[in-house]
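Undergrad: Have a look at the structure that comes next, please.
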Amino acid sequence: MNKLGKLIREWMLPAAIVLGIGLFLFYHFTPALHPYGKWLHPIASDGQRLVIAVLLFFQFVKISPHDLRLTRWHLKALGLQVGLFLLCGGGVLLLAPGTPRMLLECAMLCLICPTASAAGVITDRLGGNLASTVTYLVIINLAATFLIPLVIPLVNPSAQMGFWTYVGHIALRVFPVLILPGLLAWTIRYTTRRLQRALLRWASNSFYIWGIGLTLGMVLATRALLLSHLGFWPVAGIVVVSVATCFFQFWAGHRADKNRVGSLTAGQSLGQKNTGFLIWLGYNYMTPVTSVAGGLYAIWQNLYNSWELYRKEEGKL
139 MNKLGKLIRE WMLPAAIVLG IGLFLFYHFT PALHPYGKWL HPIASDGQRL VIAVLLFFQF
199 VKISPHDLRL TRWHLKALGL QVGLFLLCGG GVLLLAPGTP RMLLECAMLC LICPTASAAG
259 VITDRLGGNL ASTVTYLVII NLAATFLIPL VIPLVNPSAQ MGFWTYVGHI ALRVFPVLIL
319 PGLLAWTIRY TTRRLQRALL RWASNSFYIW GIGLTLGMVL ATRALLLSHL GFWPVAGIVV
379 VSVATCFFQF WAGHRADKNR VGSLTAGQSL GQKNTGFLIW LGYNYMTPVT SVAGGLYAIW
439 QNLYNSWELY RKEEGKL
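If you read the sequence shown in my numbering, its first letter stands for residue 139, the second for the next number, and so on.
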């Protein structure tokens, strides 16, 4: 049984990637299913957001508000994300419409995208600091909510809406799955300790819950890629940009703290992104093909996570 559990833990993420891609391809190449397509995207999108909320709830159950402390690596990671996002935004303003500009837009979205809720799940399993990951998750979501509306209307003037309207749109996308799980978890913590202890026993299943979220995420990612109707070279360019930004951010996170636990924590916090938000942001407020970068980033980050989990199981991490 231990061998089976080990096998599942090592291969769950790659299996979820293949399953999500396969499910959408099965739908795409089965004309009889096309009439049901109008429900496919909302189910996958809302289902993934529900999984995110559940994952965050279990993470908040395990920590208290007093555990959320600002550290030096938080400031380094935040400065890196914000600085590179602004730098890429300035570069986009200087470029004429075309493939180079589109690729730079992909890079800026991959860089500013907030931390994924599953980052805490993976961090905890790798032996990192869950509370520190959740702290950064809150910080970067707040920063992105106010920073993105300042920059994107400049690089994409077609997004004609007021700043606070823009903030409201993003906040409604982010806060229900960020704030509400925390409030509910901490209400239970301070009012119903017996229930909290029961939930703590269930929290270890968060890793397997993330498998469902990843499958739904890959359905959305495959949909974004196939519906983009891009040629080979633009897709190849997005592949390069998404790979480069993914592994650079994991690397930079690991370098942000010399302590082993801090290095693991910062690496996951900076490298693992809420790619569902990235896809939504690219499709609705940027050049729609930039949403493909979010789908591809989801693949790379979860392949990297699978490798790290394998190293952890083998005692090499």
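From the three backbone atoms N, C-alpha and C, an ideal C-beta is built for every residue, glycine too.
1. If the criterion is Cβ atoms closer than 8 Å, does the pair Gln197 and Val272 meet it?
2. Say whether the region 209–224 touches the region 402–417, bearing in mind that this needs 3 or more beta-carbon pairs closer than 8 Å, one atom from each stretch.
3. Pull up the distance between the alpha-carbon of Trp371 and that of Gly420, whole angstroms please.
4. How do the region 410–418 and the region 247–260 stand: do at least 3 beta-carbon pairs fall below 8 Å, yes or no?
5. What's the C-alpha gap between Gly320 and Ala191?
6. Please go through the region 276–328 and give each complete alpha helix (DSSP H) segment of 4 or more residues, from N-terminal end onward.
7. Name the DSSP beta bridge partners of Thr253, please?
8. Considering only the alpha carbon of each residue, which of Val289, Leu316, Pro203 lies closest to Tyr304?
9. Do you know offhand how far His179's Cα is from Leu224's?
10. Using three-state DSSP, classify Ser202 as helix, strand or coil.
11. Per DSSP, what kind of secondary structure is Lys450 in: helix, strand or coil?
12. Less than 7 Å between C-beta atoms, sequence neighbours within five positions excluded: which residues of the same chain meet that for Ala215?
TA: Let's see:
1. By 1-based counting over the sequence shown, the position of residue 197 is 59. By 1-based counting over the sequence shown, the position of residue 272 is 134. In this structure, Val272 lies closer than 8 Å to Gln197 by Cβ.
2. yes
3. The residue given as residue 371 occupies position 233 in the sequence shown. The residue given as residue 420 occupies position 282 in the sequence shown. If you take the alpha carbons of Trp371 and Gly420, they lie about 19 Å apart.
4. yes
5. As a position in the sequence shown, residue 320 is number 182, starting the count at 1. As a position in the sequence shown, residue 191 is number 53, starting the count at 1. In a straight line, the C-alpha of Gly320 is about 9 Å away from that of Ala191.
6. 301–312
7. Here residue 253 refers to the residue found at position 115 of the sequence shown. Beta-bridge pairing links Thr253 to Lys411.
8. Here residue 304 is taken as the residue at index 166 of the sequence shown, counted from 1. Per the Cα distances, Val289.
9. In the sequence shown, counting from the first residue as 1, residue 179 sits at position 41. In the sequence shown, counting from the first residue as 1, residue 224 sits at position 86. Each residue's Cα considered, the two are about 31 Å apart.
10. As a first step, residue 202 must be located in the sequence shown, where it is residue number 64. Ser202: coil per DSSP, three-state reduction.
11. As a position in the sequence shown, residue 450 is number 312, starting the count at 1. Lys450: helix per DSSP, three-state reduction.
12. In the sequence shown, residue 215 corresponds to position 77, counting from 1. Excluding residues within five positions, the ones whose Cβ falls inside 7 Å are Tyr274, Gly391, Ala394, Ala404, Ser407, Leu408.
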